[in-house]
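Visitor: In the order they appear, the protein sequences are chains A and B. In case it helps, the UniProt record's numbering puts the first sequence at residues 1 to 117. In case it helps, the UniProt record's numbering puts the second sequence at residues 1 to 117. Every residue, glycine too, gets a C-beta built ideally from N, C-alpha and C.
Number of protein chains: 2
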Amino acid sequence: MAVDQLSLVFSALADPTRRAILARLAAHGDATVAELTGPFAMSQPAISKHLKVLENAGLISRARRATARLSHLEAKPMREATDWLAEYRRFWETSHERLDELLAELQQSPTNGANDG
Amino acid sequence: MAVDQLSLVFSALADPTRRAILARLAAHGDATVAELTGPFAMSQPAISKHLKVLENAGLISRARRATARLSHLEAKPMREATDWLAEYRRFWETSHERLDELLAELQQSPTNGANDG
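As structure tokens, then:
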């Protein structure tokens with residue numbers, strides 16, 4: 001099985017630590033491995049492994065600045081993931097609309113009943 | 001590490017066969033394992049394994065009808081995944097807007113230059 005880019009992206013996102021790293025980069029901007037390790041009960045090598053997975057999926061880029069290596073959020077691959085998911089929006093929205101209709105009917109029925117007779 | 005629902009969903013989507021199964025259920029409705037195996041160069045047990053991963057992530061439900069077991073698309077967990085990704089939309093849109101601005105500038109410059117003098 002060829003590993004396609006979309007699979008790499010979904011796979012990289014399938015971990016709460018990696019999602020937290022992306023959230024941190026989004027909120028506070030570029031960061032070193034040491035800065036990214038701070039909030040987690042994890043070793044720096046463990047965080048480095050997660051960064052490699054994110055980099056491999058194209059979700060971060062890394063650049064050396066002086067003695068540190070800065071991670072930078074690259075959100076574009078998430079767009080393809082979002083586009084893929086958007087194809088299924090009508091399925092969850094349809095069931096949601098049906099629920100809304102059902103609730104509207106239920107809310108109407110007792111009132112009608114009370115006014116009758 | 002606790003395996004959260006969102007990680008299960010992203011992990012289930014990180015495979016082209018599983019995504020193709022979901023696309024098939026979306027396009028043609030509920031299907032048996034045999035029907036889902038048809039389009040793939042894969043054994044029925046291999047497809048069954050993929051169905052278990054999808055079921056575990058809440059992306060399909062399975063119901064017995066007569067002698068067959070039908071898989072049914074459950075798109076709702078994709079909504080949470082889409083919501084998570086939506087938080088990052090501004091990052092890919094911002095860079096896209098910047099590119100649009102840059103292109104507009106580039107397209108304007110030669111025209112201005114040609115009209116000058």
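(1) So what's A:Leu-73 in DSSP terms, helix, strand or just coil?
(2) Go to B:Ala-26, then tell me how far its alpha helix (DSSP H) extends in each direction, as first and last residue.
(3) Around the Cβ of A:Thr-37, are there at least 16 other Cβ atoms within 10 angstroms (buried) or fewer (exposed)?
(4) Taking the C-alpha atoms as reference points, what is the distance between B:Leu-8 and A:Ala-14?
(5) Are there 16 or more other CB atoms within 10 angstroms of the CB of B:Ala-48, so buried, or fewer, so exposed?
(6) Got a sec, what are the start and stop residues for the alpha helix (DSSP H) B:Ala-12 sits in?
(7) Measure how close the beta-carbons of A:Arg-62 and A:Ser-71 come, nearest whole angstrom, since I'm counting them as under 8 Å.
(8) Tell me which residues share the same chain as residue 128 of chain B and place their Cβ nearer than 6 Å to its Cβ, disregarding the 5 neighbours each side in the sequence.
(9) How many Å lie between B:Arg-18 and A:Tyr-88 at the Cα?
(10) Rounded to the nearest angstrom, how far is the Cβ of B:Ala-75 from that of A:Trp-84, given a contact under 8 Å?
(11) Should A:Asn-56 and A:Ala-20 be called a contact, given that it needs their Cβ atoms to be closer than 9 Å?
(12) Round the Cβ separation of B:Pro-77 and B:Leu-59 to the nearest angstrom and send it over; I've been treating them as touching at under 8 Å.
(13) So, is the C-beta of A:Val-9 closer than 9 Å to a C-beta in chain B?
(14) Thinking C-alpha only, which one of B:Val-33, B:Leu-54, B:Pro-39 is nearest B:Pro-45?
(15) Leaving out the 5 sequence neighbours to the left and right, which residues in its chain are closer than 7 Å to A:Phe-10 when beta-carbon positions are compared?
(16) Under a three-way DSSP split, which group does A:Arg-68 fall into?
(17) Quick check: A:Leu-54 and A:Leu-103, are their CB atoms within less than 9 Å of each other?
(18) For A:Pro-16 versus B:Asp-4, is the C-beta distance shorter than 9 Å?
(19) Should B:Ala-68 be labelled buried (16 or more other beta-carbon atoms within 10 Å of its own) or exposed?
(20) Starting from B:Leu-54, trace the alpha helix (DSSP H) both ways and give me its first and last residue.
Guide: According to the structure data:
(1) Under the three-state reduction of DSSP output, A:Leu-73 falls in the strand class.
(2) Start and end: 16-28.
(3) A:Thr-37 comes out buried.
(4) Rounded to whole angstroms, B:Leu-8 to A:Ala-14 spans 7 Å at the Cα level.
(5) A small correction: the amino acid at residue 48 of chain B is Ser; Ala does not occupy that position in the sequence shown. The residue in question, B:Ser-48, is exposed, as its Cβ has fewer than 16 Cβ neighbours within 10 Å.
(6) For B:Ala-12, the uninterrupted alpha helix (DSSP H) segment begins and ends at 5-13.
(7) Taking 8 Å as the upper bound for CB-CB distance, A:Arg-62 and A:Ser-71 are in contact here, some 5 Å apart.
(8) There is simply no residue 128 of chain B to check, as chain B begins at 1 and stops at 117 in what is shown.
(9) Inter-residue distance for B:Arg-18 and A:Tyr-88 is about 14 Å (C-alpha atoms, whole angstroms).
(10) Here B:Ala-75 is actually not in contact with A:Trp-84; their C-beta atoms are around 12 Å apart, not less than 8 Å.
(11) No, Cβ-Cβ distance for A:Asn-56 and A:Ala-20 is not below 9 Å.
(12) Going by Cβ atoms, the distance from B:Pro-77 to B:Leu-59 rounds to 6 Å, so yes, they are a contact pair.
(13) Yes, A:Val-9 counts as interfacial toward chain B.
(14) Proximity to B:Pro-45 across B:Val-33, B:Leu-54, B:Pro-39 peaks at B:Val-33, based on C-alpha coordinates.
(15) Cβ neighbours of A:Phe-10 beyond the five flanking positions: Ala-81.
(16) Checking the displayed sequence, the identity of residue 68 of chain A turns out to be Ala instead of Arg. Under the three-state reduction of DSSP, A:Ala-68 is assigned to strand.
(17) Taking 9 Å as the Cβ cut-off, A:Leu-54 and A:Leu-103 do not qualify as a contacting pair.
(18) Contact: yes.
(19) If you draw a 10 Å sphere on the C-beta of B:Ala-68, you find fewer than 16 other C-beta atoms in it, and that means exposed.
(20) Boundaries of the alpha helix (DSSP H) around B:Leu-54: 44-56.
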